[in-house]
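In what follows, a structure is listed as structure tokens, so that the remarks can point back to it.
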Amino acid sequence: MKSKSKRKSFQRNLLLSLGGVFLLFAICFSVYQYQREKEYKIDILHSRLQMYNYEMAQTLGEDSLTSSKMFHDYVARHQMEGLRVSVIDLKGRVILDSYDTNIDSLGNHLQRTEIQQALHGGNGYDIKRMSQSTHETYFYSATRFGDVIVRAAVPYSTELTRSLQADNTYIYFAGVLTLLLGIVLYYITHRISRHIGYLREFAMKAEKGEELDHELERRLPDDELGDISHTIIMLYWKLRHSEEDKVRIKRQLTQNAAHELKTPAASIHGYLESILDNPDMPEDKKKHFLERCYAQSERMSKLLLDMSALTKLDDMDDNRSQARQEYRPVDVLQVIKSVLDDTNLQLQEKGLMPSLQVPPHIEVLGDTSLIYSIFRNLIDNVIAYANGASHLGIVCQEKETEGRHYYEFQVSDNGPGVEPQHLEHLFERFYRVDKGRSRKLGGTGLGLAIVKNAVAAHGGQTTAYSSPGGGLTIKFTLARF
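Here it is as structure tokens:
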């Protein structure tokens, strides 16, 4: 019952987190769209009144705009409901007004918003302002023509107010869309939770030593989550096929794989739960929790990538002849330089000085990405564990044994090294010399296992020994092209 509750908690928290993001997006979109549509309708009304001003100026001519008779005749012929038209000079004095013939009582308009905009930009408007003469609220639109400004205004009637309001149809649409997304989101999170439950069920059965069948694999999804689950299950079956490895199967998969995935997942869950349960949490603490979540997700990602790489190597081992048909000549020195370029910043931070003794243009027949992973994992291992080391050496020598030509590579450092009892186990999967320190440094326990398997996929061998002057040396061979 406890595990079921935890699965529900995981689904609920995931649903709330993603649903909250969708809801926030929908609200922001609705507010933005509402404001934008309102501004659009205001622009339309402003354009209509501007058109009226231009038509008046074109019909009367700019020189005749101050003619009282022509002005009032035009307004009478082109009247709109409630329309008020004024002609104002550049000092803000009202010259003509269609509503009030007592011009002197209208006061100076120089500081009115639409007049200031027209003076400086050619036209302007003021959305809602009460007239001091009529005591009605108007929408004003002003246009400058030479030495005068023509201003048209319409009263803020109920109909105009309604026409300027944004249409709420899109709000209902956004609501329906959010609801549909919520349903889809619930389905997705429920599906993820269910498949995690399948994987947990598999792990628990494996831990208890119960009989396992392939029914669980058929229930897994055909997506990334299913790929990860299949990778873990495939690794389990491959190890179980060997009778002598049954004990190690349980330890590696149920204790290592499940534990390695459960620990960061539990940490992420705990941090996110704390954030959700404490909406008033200080920003610095919230940022710290999110940074920890990111670090744990990086650890999970690296573990899954390493497990995927090992599975690929196992598949290549099962189909070695077919895999080698796809091998191509690889310039090893260029691969090493690429790795050193990619890790240059970490090397500088650790004060490690790379020393290359690799002849140019040496080629091996192989897979470029796998050869890259060999050197990348070895150099990452030196960076992570060669505490106090100052030297990273990469040496290549061409050798021949019983007519077989190959290259022997040595990657060494002058760090603290490894105690003799650990040397023979270094290339085992999930093996750690110092488990606590390895996890703290982000290690998965799979790096050197990938090295050994990648070398084996190219027909080579891998060994490790302590350097005479201190430190660790990894030696491996690759067949010459």
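For the sequence shown, numbering that gives the first Met the number 0 assigns the number 0 to the initial residue and increments by one for each residue that follows. Just so you know, even glycine gets a beta-carbon here, dropped at the ideal spot from N, CA and C.
Residue 84 holds the alpha-carbon nearest to the alpha-carbon of residue 139 among 329, 84, 396. The beta carbon of residue 106 sits closer than 7 Å to the beta carbons of 131 from its chain, once the five residues preceding and following it are set aside; these are given in chain order. Bounds of the alpha helix (DSSP H) holding residue 343 are 343-349.
Bounds of the alpha helix (DSSP H) holding residue 374 are 367-384. Judged by DSSP in its simplified three-state form, residue 429 adopts coil rather than helix or strand.
The Cβ neighbour count for residue 328, taken over all protein chains shown within 10 Å, is under 16; the residue is labelled exposed.
Put simply, of 52, 90, 102 the residue whose alpha carbon is nearest the alpha carbon of residue 82 is 52. For residue 353, the beta-bridge partners assigned by DSSP are 391. Rounded to the nearest whole angstrom, the CA to CA distance from residue 73 to residue 178 is 55 Å. Taking a C-beta distance under 8 Å as the contact criterion, residue 363 and residue 480 qualify as a contact pair. Of the residues assessed, residue 263 falls on the buried side of the cut-off, its CB having 16 or more other CB atoms within 10 angstroms. Remark: C-beta atoms of residue 453 and residue 373 approach each other more closely than 8 Å. Of the candidates 358, 379, 127, 22, 22 places its Cα closest to the Cα of residue 175. Contact check for residue 109 against residue 123 fails: the beta carbons are separated by 8 Å or more. According to the DSSP assignment, residue 123 belongs to the beta strand (DSSP E) that extends over 122-129.
Annotation for residue 67: the continuous alpha helix (DSSP H) segment containing it runs 67-76. By the criterion of at least three beta-carbon pairs nearer than 8 Å, the segment 141-149 is in contact with the segment 111-119. Rounded to the nearest angstrom, the Cβ distance from residue 405 to residue 366 is 17 Å, too far for a contact under 8 Å.
Residue 155 sits away from residue 133, with the two beta carbons spaced by 8 Å or more. When the Cα atoms are used, residue 349 and residue 459 turn out to be separated by approximately 30 Å. Where residue 154 is concerned, there is no enclosing alpha helix (DSSP H), although the beta strand (DSSP E) around it starts and stops at 147-154. Here residue 110 is not bridged, per DSSP, to any residue. Per DSSP, the beta-bridge partners of residue 139 are 125, 152.
Of the candidates 202, 342, 227, 227 places its Cα closest to the Cα of residue 191.
Straight-line spacing of the CA atoms in residue 149 and residue 104 works out to 19 Å. Residue pairing for residue 396: DSSP places it in a beta bridge opposite 407. Under DSSP, residue 475 forms a beta bridge with 408, 461. Pairing residue 472 with residue 341, the inter-Cα distance amounts to about 22 Å. CA-to-CA, the gap between residue 344 and residue 386 works out to about 16 Å. Residue pairing from DSSP places residue 83 in a beta bridge opposite 152. Annotated as proximal: residue 407 and residue 476, with beta-carbon spacing under 8 Å. Per the C-alpha coordinates, the member of 347, 422, 312 positioned closest to residue 389 is 347.
Residue 338 is positioned such that its CB atom lies no closer than 8 Å to that of residue 382. Cβ contact annotation for residue 114 (same chain, cutoff 8 Å, sequence separation greater than five): 87, 91, 108, 123, 141, 148, 150, in chain order. For the 8 Å CB-CB criterion, residue 331 and residue 361 form a contact.
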